[in-house]
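For the sequence shown, full-length UniProt numbering gives the first residue as 1, with consecutive numbering after it.
Where a beta carbon is used, it is the ideal one built from N, C-alpha and C, also for glycine.
Written below as structure tokens is the structure these notes are about.
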Amino acid sequence: MISALIVCHCPTVNPPLCLAGDFLFAVASDDNSEFWLSDDENPDNLKLRAYVGKTGREWTAPGEYGKYASQISDLIPLQKNNKYFFELIHKQNDKGTDHVEVAWCLKQIGNGFSIIDSKFISLYTNESSLKAADVSHIPQTIASHVTPLQRSSQTPPHGVDMLRPDPRDSFHQVPLLDRARLQGVLPDCIYNPSYSIKGYPLMRYQGLQFVHLTYVYPNDYTRLTHMENDNKCFYRGNPYYLERYGFSNYIQLDLPENEELVIKYKEDDNSIIKQNVAHHLQITQHQHQNSSNKASVIAAPSNEEYNSRWGHVNDVRKEKEIQDNAMHIEEVEDGGDEDDAWVSQGDEDYDLTNRVVYDVEVKWCQTFQAKPLDLHALRSDWIDLKCNVSGNLLLEESEALSVVEALMKKLNKKYPRQFSLERIVNIEKKPDYNRGSRYLLELELLEASGRHLRLVQYIYVKRTEDWGSHKKQNAQGEELKLCNPYSFYWNPTATVHFIIPVKNQARWVQQFISDMEEIYRTTGDQNFNVIITDYESTDMNIEQALQNSYLPRYQYLRLSGNFERSAGLQAGIDLITDDHSIVFLCDLHIHFPPGFIDTVRKHCVERHMAFAPIVMRLNCGATPLEPDGYWEVNGFGLLGIYKSDLDSIGGMNTKEFTDRWGGEDWELLDRILQGGLEVERLYLRNFFHHFHSKRGMWNRQMLRNT
Numbered sequence: 001m002i003s004a005l006i007v008c009h010c011p012t013v014n015p016p017l018c019l020a021g022d023f024l025f026a027v028a029s030d031d032n033s034e035f036w037l038s039d040d041e042n043p044d045n046l047k048l049r050a051y052v053g054k055t056g057r058e059w060t061a062p063g064e065y066g067k068y069a070s071q072i073s074d075l076i077p078l079q080k081n082n083k084y085f086f087e088l089i090h091k092q093n094d095k096g097t098d099h100v101e102v103a104w105c106l107k108q109i110g111n112g113f114s115i116i117d118s119k120f121i122s123l124y125t126n127e128s129s130l131k132a133a134d135v136s137h138i139p140q141t142i143a144s145h146v147t148p149l150q151r152s153s154q155t156p157p158h159g160v161d162m163l164r165p166d167p168r169d170s171f172h173q174v175p176l177l178d179r180a181r182l183q184g185v186l187p188d189c190i191y192n193p194s195y196s197i198k199g200y201p202l203m204r205y206q207g208l209q210f211v212h213l214t215y216v217y218p219n220d221y222t223r224l225t226h227m228e229n230d231n232k233c234f235y236r237g238n239p240y241y242l243e244r245y246g247f248s249n250y251i252q253l254d255l256p257e258n259e260e261l262v263i264k265y266k267e268d269d270n271s272i273i274k275q276n277v278a279h280h281l282q283i284t285q286h287q288h289q290n291s292s293n294k295a296s297v298i299a300a301p302s303n304e305e306y307n308s309r310w311g312h313v314n315d316v317r318k319e320k321e322i323q324d325n326a327m328h329i330e331e332v333e334d335g336g337d338e339d340d341a342w343v344s345q346g347d348e349d350y351d352l353t354n355r356v357v358y359d360v361e362v363k364w365c366q367t368f369q370a371k372p373l374d375l376h377a378l379r380s381d382w383i384d385l386k387c388n389v390s391g392n393l394l395l396e397e398s399e400a401l402s403v404v405e406a407l408m409k410k411l412n413k414k415y416p417r418q419f420s421l422e423r424i425v426n427i428e429k430k431p432d433y434n435r436g437s438r439y440l441l442e443l444e445l446l447e448a449s450g451r452h453l454r455l456v457q458y459i460y461v462k463r464t465e466d467w468g469s470h471k472k473q474n475a476q477g478e479e480l481k482l483c484n485p486y487s488f489y490w491n492p493t494a495t496v497h498f499i500i501p502v503k504n505q506a507r508w509v510q511q512f513i514s515d516m517e518e519i520y521r522t523t524g525d526q527n528f529n530v531i532i533t534d535y536e537s538t539d540m541n542i543e544q545a546l547q548n549s550y551l552p553r554y555q556y557l558r559l560s561g562n563f564e565r566s567a568g569l570q571a572g573i574d575l576i577t578d579d580h581s582i583v584f585l586c587d588l589h590i591h592f593p594p595g596f597i598d599t600v601r602k603h604c605v606e607r608h609m610a611f612a613p614i615v616m617r618l619n620c621g622a623t624p625l626e627p628d629g630y631w632e633v634n635g636f637g638l639l640g641i642y643k644s645d646l647d648s649i650g651g652m653n654t655k656e657f658t659d660r661w662g663g664e665d666w667e668l669l670d671r672i673l674q675g676g677l678e679v680e681r682l683y684l685r686n687f688f689h690h691f692h693s694k695r696g697m698w699n700r701q702m703l704r705n706t
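Okay, structure coming up:
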């Protein structure tokens, strides 16, 4: 990898004369960058405010400020007429579109980021009269000096945003506000979503088309940004052009007056650049041919030099590819002849190696524009089976805040001065474009007594002919019509039964038991049960391992015959006597986040909804602390559903799916949807499927040595 380090020591930021207050700063770049900002003009007070990655694998498109959590700073107060020293560090490898932008916005609802342009920047030192060797004026700051590595036996953090602490991960530990206290806050309303397909005839496996994703707020960083070097499907473009041209089309150069830039892509992938000047440059592709008649050509700057001038950056090609497809510029004068001085009479090898090469003068004052790029806003709630790195859809902040504000207004009306909003932990939206939208609100409230409580409540916002959308309602100043969807509520004390059929997977069985013990130690939640159905395992006494475990509840059932997943799951289901408890059809090789049991309860609603969380499949060698892998967007085998609902649709299909693996999850999904239930589909933080060998599994025979 070839890398370059650019450190800008010169500028300071002037806040707009008409604006002052709390600002957010954001940085975007390809590849890594750091934005350091001082509290004043003193370079000694620099602090790292925002950055794009640390490892060289991180990058963004121009104007894409929401890809990583580190890209946006905390609120920073700026005063009118004051100056603030900053430094910007940028590191770029030999691929992609080389760019870096710093943007800011005044923290107000509806404000977006805009690039800090030249009218708000002044030089720290005027270097125009200084020589290159004059460096005494350059401030020596912490930003541009590498600090020595600290000796530590600990492995450095992986850096993926999903591993950052998030309030969602521990919110289950906050005491829950009793649902009885919320009665009467909102009126009840009938809940009958238009996307329900109860009784609708489906072809086999067609139900997948009727499952839609859920919008979340705030960003839970389930997008696998660290895997996008391998899969750029999130960027909705032709992979060939993304690889070849990068994101140059997202950038608009600021050109001098009376100058026009037009870029086109021909079928041979060359750019045609036209200028309103006396002569024009024509790019031709020089093919490696053995011919005695050679065109009259002059040597051009390299691709990087040429494109850095015109704003179109191509990937650096390998040396052999450059020789096979050398790019040259043919100069054509109006009415003139070719310059014989440039005509080469030598052979082709001489032409390629001995021509004069010109370096384009660096244009330091060249500026460009890049509009804020919100790729999440371009996504739909359809499941994209071809993109396994995208993560959850993001709900707009303005919509989330308007719904919370409307609920708090109703809550304070019933309980004056009893509750105040401490923070918004999580909001999930399931849109119904014909009738309204359902929201799951998870709010941390502060009671007048000083006690912290969590409000976790489903609400519904009706859509009427006059309103259209939340944006239209808010623009007209109309109050949102909130209501409680009748009988649509979750049970915080429902027992969750984890059912796992196994055969001869001793090490993974022990790991699973240990993981469930850890959940119990962390949460103290006793309302779950582990059910293991065992097809005559010979490598472990599973029943004894359960007896020796720290689990509060477990059941063991020994089965005979060949391993059958559907039959093993159904045998475990039949052990459950409480129809109003939740069945979670599980896999043996799963790592659960601490609040997983509570998450299953929140997303299973009896007579209404099942839950199919999306698991992240870890690559070989990856771990929950170094989670390289991809989302399993196709599978529905990990499923939570109330026992009564599962019984009503016929349970597992044990006739068609015996020792055959695959397809039983989609067949079950068809019947769940035909039964009138919704299926909630969420990418779940820190929910992993371990990579494992297939050796010794139930569908593989052991070859004995003789």
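- R681 is a Cβ neighbour of A612, given a cutoff of 7 Å.
- Between the segment 571-588 and the segment 485-498 there are three or more C-beta pairs closer than 8 Å, enough to call the two in contact.
- For M616, the enclosing beta strand (DSSP E) starts and ends at 614-618.
- Shortest Cα-Cα distance from Y250 to any of L224, L375, S144, S129 involves L375.
- Bounds of any alpha helix (DSSP H) do not take in M227, whose DSSP letter is neither H nor E.
- With fewer than 16 other Cβ atoms inside 10 Å of its own Cβ, R521 counts as exposed.
- Comparing alpha carbon positions, the residue from F512, K655, D598 closest to Q570 is K655.
- Non-local C-beta neighbours of S114 in its own chain, meaning closer than 8 Å and more than five positions away in sequence, comprise A103, W104, C105, P372, ordered along the chain.
- It is roughly 14 Å from the alpha-carbon of A545 to the alpha-carbon of N504.
- Residues of the same chain with a CB within less than 6 Å of the CB of F688, apart from the 5 flanking positions on each side, are H591, M616, L618, P624 in chain order.
- G621 sits exposed, since fewer than 16 C-beta atoms from the chains shown fall within 10 Å of its C-beta.
- Under the DSSP assignment, S118 falls outside any alpha helix (DSSP H); it carries neither an H nor an E label.
- Comparing alpha carbon positions, the residue from V403, W508, P201 closest to H690 is W508.
- The beta strand (DSSP E) runs of length 3 or more contained entirely in the segment 15-64 are, from start to end of the chain, 21-30, 32-38, 46-52.
- Positions of the beta strand (DSSP E) runs, each at least 3 residues long and wholly inside the segment 555-585, are given as 582-585 in order along the chain.
- In this structure, the straight-line span from the alpha carbon of V502 to that of D598 is close to 25 Å.
- In the three-state DSSP reduction, M203 falls in the coil class, being neither helix nor strand.
- Along the segment 363-423, the beta strand (DSSP E) does not occur as any fully enclosed run of 3 or more residues.
- Of all alpha-carbon atoms in Y415, F25, G207, the one lying nearest the alpha-carbon of R49 is that of F25.
- Judged by DSSP in its simplified three-state form, A103 adopts strand.
- With a cutoff of 7 Å on beta-carbon distance, K481 and D579 are scored as not near each other.
- Listed in chain order, the non-local C-beta contacts of E564 below 6 Å within the same chain comprise T658, D659, local neighbours out to five positions each way being set aside.
- Taking a cut-off of 8 Å on C-beta distances, the segment 192-200 touches the segment 429-436, as three or more cross pairs fall below it.
- Taken atom to atom, the span from the alpha-carbon of F23 to that of Y84 is near 13 Å.
- Secondary structure of T523 (DSSP, three-state): helix.
- Beta-bridge pairing by DSSP links D432 to G436.
- Counting along the chain, no beta strand (DSSP E) covers T493, and no H or E run does either.
- For the pair V27 and Q92, the CB atoms are not nearer than the 7 Å cut-off.
- Distance between K107 and M652, taken at the CA atoms: about 52 Å.
- Residue pairing by DSSP leaves R463 without any beta bridge partner.
- Annotation: G629 to V185 spans about 44 Å, alpha carbon to alpha carbon.
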